[in-house]
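Asks:
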Amino acid sequence: MKLKFCTLFISTVLLHLSGYSQSFQWNNPVNAKYPVIDGRLWQTGLKNTYDRLPPNAEENVRKELWDLSQNSAGEYITFITDSREIKVQFQVNGKYIHPNNTAINMSGVDLYAKDIKNNWHWISCKSNFSDTISFQFNNISAPLPIKEYRLYLPLYKTLSWLKIGVPMTASFQFQKVNDQEKPLVIYGTSILQGASASRPGLAWSNILGRKLNTKIINLGFSGNGQLEPALIDLIGQFEASLYVLDCLPNLYDRNKFSNEEVEKRIINSIKNLQQKHPLTPILLTEHASSLPDITLDSSISNNYRNISQLLSNTFHKLQKEGVKNIYLLKAKEIGFTYESTIDGTHPNDIGMMQYANAYEKIIKEILKKK
Numbered sequence: 343m344k345l346k347f348c349t350l351f352i353s354t355v356l357l358h359l360s361g362y363s364q365s366f367q368w369n370n371p372v373n374a375k376y377p378v379i380d381g382r383l384w385q386t387g388l389k390n391t392y393d394r395l396p397p398n399a400e401e402n403v404r405k406e407l408w409d410l411s412q413n414s415a416g417e418y419i420t421f422i423t424d425s426r427e428i429k430v431q432f433q434v435n436g437k438y439i440h441p442n443n444t445a446i447n448m449s450g451v452d453l454y455a456k457d458i459k460n461n462w463h464w465i466s467c468k469s470n471f472s473d474t475i476s477f478q479f480n481n482i483s484a485p486l487p488i489k490e491y492r493l494y495l496p497l498y499k500t501l502s503w504l505k506i507g508v509p510m511t512a513s514f515q516f517q518k519v520n521d522q523e524k525p526l527v528i529y530g531t532s533i534l535q536g537a538s539a540s541r542p543g544l545a546w547s548n549i550l551g552r553k554l555n556t557k558i559i560n561l562g563f564s565g566n567g568q569l570e571p572a573l574i575d576l577i578g579q580f581e582a583s584l585y586v587l588d589c590l591p592n593l594y595d596r597n598k599f600s601n602e603e604v605e606k607r608i609i610n611s612i613k614n615l616q617q618k619h620p621l622t623p624i625l626l627t628e629h630a631s632s633l634p635d636i637t638l639d640s641s642i643s644n645n646y647r648n649i650s651q652l653l654s655n656t657f658h659k660l661q662k663e664g665v666k667n668i669y670l671l672k673a674k675e676i677g678f679t680y681e682s683t684i685d686g687t688h689p690n691d692i693g694m695m696q697y698a699n700a701y702e703k704i705i706k707e708i709l710k711k712k
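Note that this note's numbering numbers the sequence shown so that position 73 is 415, with each residue one more than the last.
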């Protein structure tokens, strides 16, 4: 009798598990009939599904930059569902490990919900990092009805594939990318790419996108944001609401870049963009870690202060020459302190929020003037 009961019990459990595994519908962005991967400029003709740059860029930029452009930093997928349970499964490639980043930052996803009053809510999850990475969001309940979900993609890895699952009984629809919206295009370094936020949604560009309710293009390349003409040419192919050049953290080393070379790159970048888009404002950013109360290591802080001073001098020089529509975000307006970074350079979550707040303030002022 006990044997029959155990057999029946095991069969029931297996049947239940089997039914449970088949009860989800899986939605792959690749199979959508319209573009659904947002936060990037190029949508068609890409070499890989989640690339941030077009195929012809591979011939024109350095290999290090091209490899980083295949990371999905700043990309996100928006969708609508009435499900209270959402699963995400995917695989990533890339052996590069940023020493100050968490596994979720580099290889994970991050889910937010926007309610009907346009308030954003972060959703906690259970994650499993194996060959196939899985994230599970359960018992989703917001104070107000949810209008849409935004899934932020990994900051420092290259996605091979990704799918989003909801129960078969639930509705699901990808939101189409709005290609009519003029985005805010940012070109920068590892700080822009997302080092060292604890998770993708806390990269400062992603925070800023939620604050401003606008499309942000993250062209951050770890160690390789160097104001290169090839990248500026690519950026100039698109009309933006604002261009942001935040590359000083990769240009401070005088053994690699002389003051004259850095000044030349700043000026040429501005002239190149203004030649194509004379009415689009350009925002230049000082090195956020060039303040005195960040680290006691003078070898670092002095270099950072010098490069910020160089940018400030170049900016005022251009203004005196009559160059208009350029703006400067100073380090003191970002306001880093000893608690803002993980290593004296890369912002932690506190620093990321300071970055986003400073950018929000100045960008609203710039666009209001425009």
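Glycine residues also receive a C-beta, built at the ideal position from the N, C-alpha and C atoms.
Bear in mind that the values here come from a model prediction, so they are computed numbers and not experimental data.
Leaving out five residues on either side along the sequence, give the residues of the same chain with a beta carbon under 6 Å from the beta carbon of Q515.
Replies: I422.
Asks: Report yes or no: do three or more beta-carbon pairs, one from the region 522 to 537 and one from the region 571 to 590, lie closer than 8 Å?
Replies: Touching, yes.
Asks: For Y701, which residues of its own chain have a beta-carbon under 6 Å away from its beta-carbon, when the five flanking residues on both sides are left out?
Replies: Excluding sequence neighbours, Y701 sits near L550.
Asks: Within 10 Å of its beta-carbon, does V372 have 16 or more other beta-carbons around it, so buried, or fewer, so exposed?
Replies: So V372 ends up on the exposed side.
Asks: In the structure shown, what three-state DSSP assignment does L621 receive?
Replies: Looking at L621 - three-state DSSP - the assignment turns out to be coil, as it is neither helix nor strand.
Asks: Which full runs of the alpha helix (DSSP H) of 4+ residues lie inside the region 372 to 442, going along the chain?
Replies: 399 to 402 and 405 to 411, all fully within the region 372 to 442.
Asks: Any idea if K672 is buried or exposed, counting beta-carbon neighbours within 10 angstroms, 16 or more meaning buried?
Replies: The residue in question, K672, is buried, as its Cβ has 16 or more Cβ neighbours within 10 Å.
Asks: Assuming A415 contacts Q535 (C-beta within less than 8 Å), just tell me the rounded distance between them.
Replies: At roughly 5 Å, the Cβ-Cβ gap stays under 8 Å, so A415 and Q535 are in contact.
Asks: Tell me, please, which residues DSSP counts as bridged to D713.
Replies: Any answer about residue 713 is impossible in this case: the structure gives the chain only from 343 up to 712.
Asks: Give the secondary structure of D521 by DSSP, where H, G and I count as helix, E and B as strand, and everything else as coil.
Replies: Three-state DSSP puts D521 in coil, outside helix and strand.
Asks: On a CA-only basis, which of N413, D685, Y392 and D457 is nearest L638? Give me that one, please.
Replies: Minimum Cα distance to L638 is reached at D685.
Asks: Could you spell out the range, first to last residue, of the alpha helix (DSSP H) harbouring K598?
Replies: Counting along the chain, K598 falls outside any alpha helix (DSSP H), and DSSP gives it neither H nor E.
Asks: Could you work out which residue in E675, L410 and D424 is closest to Y697 when comparing CA atoms only?
Replies: Residue E675 is the option with its Cα nearest to Y697.
Asks: What is the rounded straight-line gap between the Cα of S513 and the Cα of N369?
Replies: Each residue's Cα considered, the two are about 11 Å apart.
Asks: In the DSSP assignment, find the unbroken alpha helix (DSSP H) run with I649 in it and report its ends.
Replies: Unbroken alpha helix (DSSP H) run through I649: S640 to K662.
Asks: Give the single residue among S654, E628, Q431 and A374 whose Cα lies nearest to the Cα of Q517.
Replies: With distances taken between Cα atoms, Q517 lies closest to A374.
Asks: Using a 10 Å radius around the Cβ and a threshold of 16 neighbouring Cβ atoms, would you call N592 buried or exposed?
Replies: It is buried - the Cβ of N592 has at least 16 other Cβ atoms within 10 Å.
Asks: Can you tell me which of the three DSSP states N370 falls into?
Replies: Coil, per DSSP.
Asks: Y669: which of I558, L587 and G543 sits nearest, CA to CA?
Replies: For the residues I558, L587 and G543, the minimum Cα distance to Y669 belongs to L587.
Asks: Quick one: what's got a C-beta closer than 7 Å to S468's C-beta in the same chain, skipping five residues either side?
Replies: Sequence inspection shows Lys at residue 468; the Ser mentioned does not correspond to that position. Once the five neighbours on either side are set aside, the close Cβ partners of K468 are Q478.
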